Each structure stands twice: as C-alpha cells, then as structure tokens.
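Chains as they are written, first to last, in this note's numbering: chain G, 721 to 837; chain W, 2 to 113. Even glycine gets a Cβ: it sits at the ideal position worked out from N, Cα and C. A quick note: this is a predicted structure, and the numbers were derived from the prediction, not measured.
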C-alpha cells in the first residue's frame, strides 16, 4: 500500500517562529509536492521537487522554502511564520514510472493544519 | 490567476439524484484531467481521470464528460449516495514532473 506521512496533524506556532513541516513517502517516487489548502481557493502549489536536491517554485512560493536531501523526504520551511500562513498544508508524491502506484496519480498525505498566532 | 475554474462551490443533492460538477480551463497544453475526492480529515485521493483524446470516461457511478473544443469537463455522479459526501477537485496537468493545477473545489452533500 502506498503511503505519504506528514510529521504533524496539528501545529500551533507564534508569529516570527521558524516552522518545519516534514513529509515522507515510502513509494520511491521521484516527484514530491507541497500545497496549501484554503476554503474557496482549492489547492495551491507552493513548491515541488522532481529529484533529490532539485526544487521548483510553484504558484505561491513567497514566504516558504523547501529541502529535499533524501528521495523519500521533502520538508517545507516557513522562515518567519506569519498569520496569513495559517492554513492546511498537504504533501503529495507521484511517480514518473519507476516507483510504486499509478503513474498519473498524486498520492497525498493527511495534511497538517497550521495555526500561526 | 485561476487556470482551472470549478463550479459550483457547494452542492446539495438528494440520495439517488445526479450530482454534476463543472470545470473549465484555458491552457491548451494540459494533457491529463484528473478528479480528486477528499473526505474530512483526509488528503485528496484520485477518483477518476481522462485524457483529452476521449470525450467520456465512466467508472461505476462516476462519469467524466470532456469537451475539448469548449475547454470544459464535468463530473457526473449517478445515483448519489450519502457516502459520496465529500469535497471534489477537478485538476489539469501539463507535461513533465506530474505538476497539476487544481480547481477551487466543490463541497458535495448528499442528503437521505
């Protein structure tokens, strides 16, 4: 069974704190993604990675950075959290054909609900 | 910049009825159109998908209709059930890296 896990289900942080969200997949997928989900706005892509140490900006990268040191792990970093970053954060992974699972499918983790006070 | 427009935002359907969710896109480079289903507390999961060389795809009670010339596609849920109550996202993919653009979502509630 394919699996994407996220380090926390709920997180509460203070404005200005550095926040790390971690995502791990066990499917040997090449591609990994970070989205934020907000009511009425759907899923918006923050960053994605198509290989270890490789990253590309998505549609809303401002205020975020990412790290992918190992194939199975993709971290999202909020350098200085702000209240407008309160959101649900979803990690996903997908295969180009070599990993497990369907080629054309993104597999999502359960999400981390981050609240910045 | 919303590349995939989805409507309605919410939908209430009687059990046994047909649920219809519509999406429209602008980028003709999109080559794959998946629909994802999300239950509360869970991440989205692939429900059904279609490629632009096909006008319709059916899997059980779920059907995608695709109109390439109009750049529109829709999800039909036949004989809707309370267990179908979820948020549905249409999406579109361009080229490499499996990068996908999602619609804004439709919250479906099927009432008994």
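Item to check | Top-ranked residue by Cα proximity to residue 792(G), from 783(G), 773(G), 763(G) and 833(G) | outcome: 773(G)
Item to check | Buried versus exposed call for residue 111(W) [16 or more other C-beta atoms within 10 Å across all chains shown] | outcome: buried
Checklist entry - Using 8 Å as the threshold, is the segment 741-756 of chain G in touch with the segment 800-815 of chain G, meaning 3 or more CB pairs across them? => result yes
Next on the checklist: So residue 105(W) contacts chain G; which residues on that side make the cut at Cβ distance below 7 Å?
Outcome noted: 760, 761 and 762
Item to check | residue 38(W) versus 30(W), 31(W), 32(W) and 50(W), residue with shortest Cα-Cα distance | outcome: 50(W)
Checklist entry - On the three-pair Cβ rule with 8 Å, is the segment 771-786 of chain G touching the segment 723-737 of chain G? => result no
Checklist entry - Near residue 8(W), which residues of its chain fall below 6 Å by C-beta distance, leaving aside the five closest residues on each side in sequence? => result 23
Item to check | Residues bridged to residue 68(W) (per DSSP) | outcome: 73(W)
Checklist entry - Of all the CB atoms in chain G, is at least one closer than 8 Å to the CB of residue 44(W)? => result yes
Checklist entry - residue 753(G): which of 788(G), 739(G), 777(G) and 768(G) sits nearest, CA to CA? => result 768(G)
Next on the checklist: Bridge partners for residue 707(G) per DSSP, in chain order?
Outcome noted: No statement about residue 707(G) is possible, as the shown extent of chain G runs from 721 to 837 and does not include it.
Item to check | Stretch pair the segment 11-21 of chain W + the segment 49-64 of chain W: three plus CB contacts closer than 8 Å | outcome: no
Checklist entry - Rounded C-beta distance between residue 757(G) and residue 763(G)? I'm assuming under 8 Å. => result 5 Å
Checklist entry - If we cut at 8 Å on Cβ distances, does residue 814(G) have a partner in chain W? => result yes
Checklist entry - Between 45(W), 109(W) and 102(W), which lies nearest to residue 5(W) when the distance is taken from Cα to Cα? => result 102(W)
Checklist entry - Are the C-beta atoms of residue 40(W) and some chain G residue less than 8 Å apart? => result no
Checklist entry - Is the CB of residue 805(G) under 8 Å away from at least one CB in chain W? => result no
Next on the checklist: At the 8 Å Cβ level, is residue 745(G) part of the contact set with chain W, yes or no?
Outcome noted: no
Item to check | For residue 803(G), three-class secondary structure by DSSP | outcome: helix
Next on the checklist: For residue 67(W), which residues in the same chain have their Cβ closer than 6 Å to its Cβ, ignoring the five residues on either side in sequence?
Outcome noted: 51, 56 and 74
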